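See structure below.
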């Protein structure tokens, strides 16, 4: 049986798939983050319609918890 340390040492970054991450900043800017083959982070600003400084969640909450009076957590 392999230990976690052996698994980590034997891991190859080449087995990872390329990924792009869409980021919405607190000011509403939208960015696209990528990592180049050399390991450098590349950030591209997306030209989209102005939005909120948060990610809007339109799905209904299945449960709502009361943290304190008038403070709810969904």
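Residue numbers (our numbering): 258 to 331.
Glycine included, C-beta positions come from ideal geometry on N, C-alpha and C.
The model shown is predicted, which means the values in this text are computed figures rather than measured ones.
For residue 276, the three-state DSSP class (helix, strand or coil): Residue 276: coil per DSSP, three-state reduction.
DSSP-derived helix/strand/coil call for residue 345: This structure does not reach residue 345, given that the chain is present from 258 up to 331, and the question cannot be answered.
Of the listed residues 325, 324, 275 and 313, nearest to residue 283 (C-alpha basis): Relative to residue 283, the option among 325, 324, 275 and 313 whose CA is nearest is 313.
6 Å Cβ shell around residue 303 - same chain, five flanking residues per side excluded: Result list for residue 303: 287 and 289, in chain order.
Close-in-space but distant-in-sequence residues of the same chain around residue 323 (CB under 7 Å, 5 per side omitted): Shown here for residue 323: same chain residues with a beta carbon closer than 7 Å to its own, the five before and five after excluded, namely 329 in chain order.
Simplified DSSP assignment, three categories, for residue 290: If DSSP states are grouped into helix, strand and coil, residue 290 belongs with the strands.
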